[in-house]
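One structure is given below, encoded as structure tokens.
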Amino acid sequence: MSLEPRYVCSVDIGGTKIASAILEYPASGGRPQVVYSAEVPTCAQEGGEAVYARIEGAIRAALEEKPELRVLGVGLGSAGVVDPKTGAIAYANAIMPGWSGIELGPRLREALNMPVEVIGDVQAHALGEAHWGAGRGHYSVLCLGIGTGIGGGYVEDGRAMRGFHGAAGHMGHIECTAAAGIDCACGRSGHLESVASGTSIGRMFDERYGRVDGSRPSVGRDVNDLCCAADERGVDVIHDAGFSLGASLGSLANILDPEVIVLSGGVIHGKDGWRSVTWRDSIREGFASQALDPLLDTPILIGTLEGEAPLIGAAENLLASL
């Protein structure tokens, strides 16, 4: 146990915003606490160099705001695929043009002259929930974040599986029977993200029943509200999305055999209604359709850290390297 608090600067880099924080790890060994936080827009369409400048600026602002703290280093969770050896961005999709190839880790180490570790944002999210959230105390945790897209991570014995290329955890891009022939944002087709993300739930409703609001495309929230009101159209779409998600979880469980599964992200945390009987039961129904018998009782839990999960996970990744 540390004799004094430890401090880590942590950054969560997404396509919409860059969140930064300084976390205090109490000397008692308890849950890390946020002692500074800020957000700036990513402005991803301005290109990778502009995004890098915002990230470095956000880190410097955090350190300057708390000069009295002895910050051990910087942990970052970034959208895209992060090279596990260097911390450079190996791949990013069209949401962040010019982000692929940015030498994020090496440049920050040189600019800040302090330890810097970079991990994928979905892997950071999983680490956070495994260490200090719903997965705490469990040896192996499979975590899925369901929002505009779907991503996830697998943590075993406190460490996130990253893969040779750093791409482990892109669980929204596994084959899903219900998505056959449907284009995915990644440029392929037939992926889970195309039928179980918040965006795809709205699209599926419009294709089957027409728009909830004729002035704009439907979004997941619209469909969920109908489901909670017992509208058969909303129930139908939410059931199918939940079943597809559950079936994919069952297949992943057959491969990884996690002690617990944790669901998080905007679709899960946005409103209690997302935890409706239809949503929960359809996930369990889909899970049972694919999971092997010994795995059928695997707990499926709701994440507890919400937006702090990737910040805490990125900090944990940094601390593990020291």
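In the working numbering, the protein residues as written are 339 to 660.
Even glycine gets a Cβ: it sits at the ideal position worked out from N, Cα and C.
Item checked: CA nearest to the CA of L601, picked from Y492, G368 and S532 -> If you number the sequence shown from 1, residue 601 lands on position 263. With distances taken between Cα atoms, L601 lies closest to Y492.
Note to self: Considering just the uninterrupted stretch of the beta strand (DSSP E) at L530, what are its terminal residues?
What the structure shows: Here residue 530 corresponds to residue number 192 of the sequence shown, with the count starting at 1. Note, L530: premise wrong, no beta strand (DSSP E); not H, not E.
Next item on the list: Could you check if N655 is buried or exposed, using at least 16 other CB atoms within 10 Å of its CB as the buried criterion?
Entry: Counting from 1 along the sequence shown, the entry for residue 655 is found at position 317. N655 is buried by the Cβ-count criterion.
Item checked: Closest residue to R618 among L583, E513 and P453 (Cα-Cα distance) -> By one-based count along the sequence shown, residue 618 stands at place 280. Comparing alpha-carbon positions, the option among L583, E513 and P453 lying closest to R618 turns out to be L583.
Next item on the list: My understanding is that E467 touches L649, with C-beta atoms under 8 Å, so please give their C-beta distance in whole angstroms.
Entry: Translated into the one-based positions of the sequence shown, residue 467 becomes position 129. Translated into the one-based positions of the sequence shown, residue 649 becomes position 311. Contact between E467 and L649 is ruled out by a C-beta separation of about 12 Å, above the 8 Å threshold.
Notebook entry, point to check: Where in the stretch 594-623 do unbroken runs of the alpha helix (DSSP H), each at least 4 residues long, occur, reported from the N-terminal end onward?
Noted result: For the stretch 594-623, whole alpha helix (DSSP H) runs of length 4 or above, ordered along the chain, are 604-607.
Note to self: Report the CB separation of I457 from A498 in whole angstroms; it is logged as a contact under 8 Å.
What the structure shows: Translated into the one-based positions of the sequence shown, residue 457 becomes position 119. Translated into the one-based positions of the sequence shown, residue 498 becomes position 160. With a contact defined as Cβ atoms closer than 8 Å, I457 and A498 qualify at about 7 Å.
Note to self: Does the stretch 529-539 come into contact with the stretch 482-491, if we say contact requires no fewer than three beta-carbon pairs (one atom in each stretch) closer than 8 Å?
What the structure shows: Yes, since at least three Cβ pairs between the stretch 529-539 and the stretch 482-491 fall closer than 8 Å, the two stretches touch.
Note to self: Suppose only complete runs of 4+ residues qualify. What are the alpha helix (DSSP H) ranges in the stretch 505-559, listed by chain order?
What the structure shows: For the stretch 505-559, whole alpha helix (DSSP H) runs of length 4 or above, ordered along the chain, are 531-534 and 536-547.
Note to self: Out of S527, C481, R554 and T616, which one is the CA nearest neighbour of I640?
What the structure shows: By 1-based counting over the sequence shown, the position of residue 640 is 302. Of the candidates S527, C481, R554 and T616, the one whose C-alpha sits nearest the C-alpha of I640 is C481.
Next item on the list: Give every residue of the same chain whose Cβ lies closer than 7 Å to the Cβ of Y547, excluding the five residues on either side of it in the sequence, and list them in chain order.
Entry: Taking the sequence shown and counting its residues from 1, one reaches residue 547 at position 209. Once the five neighbours on either side are set aside, the close Cβ partners of Y547 are R571.
Next item on the list: May I have the straight-line CA-CA distance separating F628 from A579, to the nearest angstrom?
Entry: Position 290 of the sequence shown, counted from the start, is the residue given in the question as residue 628. Position 241 of the sequence shown, counted from the start, is the residue given in the question as residue 579. One detail in the question is off: residue 628 reads as Gln in this sequence, not Phe. If I take the Cα positions, the gap works out to 15 Å.
Notebook entry, point to check: Helix, strand or coil: which one does DSSP assign to P379?
Noted result: Indexing the sequence shown from 1 puts residue 379 at position 41. Strand.
Next item on the list: Inspect the CB distances between the stretch 461-477 and the stretch 498-511 and report whether three or more fall short of 8 Å.
Entry: As far as the Cβ criterion goes, the stretch 461-477 touches the stretch 498-511, which means the pair count is three or higher.
Next item on the list: Could you tell me the distance, in whole angstroms, from the CA atom of D595 to the CA atom of S659?
Entry: Walking along the sequence shown from the start, residue 595 turns up at place 257. Walking along the sequence shown from the start, residue 659 turns up at place 321. CA-to-CA, the gap between D595 and S659 works out to about 27 Å.
Item checked: Closest Cα partner of L442 within the set E387, A523, G471 and H476 -> Here residue 442 refers to the residue found at position 104 of the sequence shown. Nearest of E387, A523, G471 and H476 to L442, Cα basis: E387.
Check: Looking only at C-alpha atoms, which of N451, V550 and S620 sits nearest to L401?
Finding: Locating residue 401 in the sequence shown gives position 63, counting from the first residue. Ranking N451, V550 and S620 by Cα distance to L401 puts N451 first.
Next item on the list: Could you tell me which residues DSSP pairs with R497 in its beta bridges?
Entry: As a first step, residue 497 must be located in the sequence shown, where it is residue number 159. Under DSSP, the beta-bridge partners assigned to R497 are E494.
Notebook entry, point to check: Going by alpha carbons, who is nearest to I360 out of V412, G367 and T380?
Noted result: Within the sequence shown, numbered from 1, the residue matching residue 360 stands at position 22. Here the closest residue by C-alpha is V412.
Next item on the list: For A399, name the three-state secondary structure that DSSP assigns.
Entry: Position 61 of the sequence shown, counting from 1, holds the residue named residue 399. Reduced to three states, the DSSP call for A399 is helix.
Next item on the list: Give me the Cβ distance between H511 and E531, rounded to the nearest whole Å; I'm assuming they're in contact under 8 Å.
Entry: In the sequence shown, the residue the question calls residue 511 occupies position 173. In the sequence shown, the residue the question calls residue 531 occupies position 193. About 6 Å separates the two Cβ atoms, so the contact holds.
Checklist line | As assigned by DSSP and simplified to three states, the class of E406 | finding: Here residue 406 corresponds to residue number 68 of the sequence shown, with the count starting at 1. Three-state result, E406: coil.
Note to self: Nearest by alpha-carbon distance to C522: which of K404, C347, A432 and E403 is it?
What the structure shows: Counted from its first residue, the sequence shown places residue 522 at position 184. Nearest option by C-alpha distance: A432.
Next item on the list: Pull up the distance between the alpha-carbon of P435 and that of R554, whole angstroms please.
Entry: Here residue 435 refers to the residue found at position 97 when the sequence shown is read from its first residue. Here residue 554 refers to the residue found at position 216 when the sequence shown is read from its first residue. As the crow flies, the alpha-carbon of P435 is around 26 Å from that of R554.
Check: Is the Cβ-Cβ distance between R445 and E394 less than 9 Å?
Finding: The count along the sequence shown starts at 1 and reaches residue 445 at position 107. The count along the sequence shown starts at 1 and reaches residue 394 at position 56. Cβ distance < 9 Å, so R445 and E394 count as in contact.
Next item on the list: Measure the CB-CB distance between G735 and G415 and report whether it falls below 9 Å.
Entry: The requested residue 735 does not occur in the structure, where the chain is confined to residues 339 to 660.
Check: Are the CB atoms of G540 and G588 nearer to each other than 9 Å?
Finding: The residue labelled residue 540 in the question sits at position 202 within the sequence shown. The residue labelled residue 588 in the question sits at position 250 within the sequence shown. Against a cut-off of 9 Å, the Cβ pair of G588 and G540 comes out as no contact.
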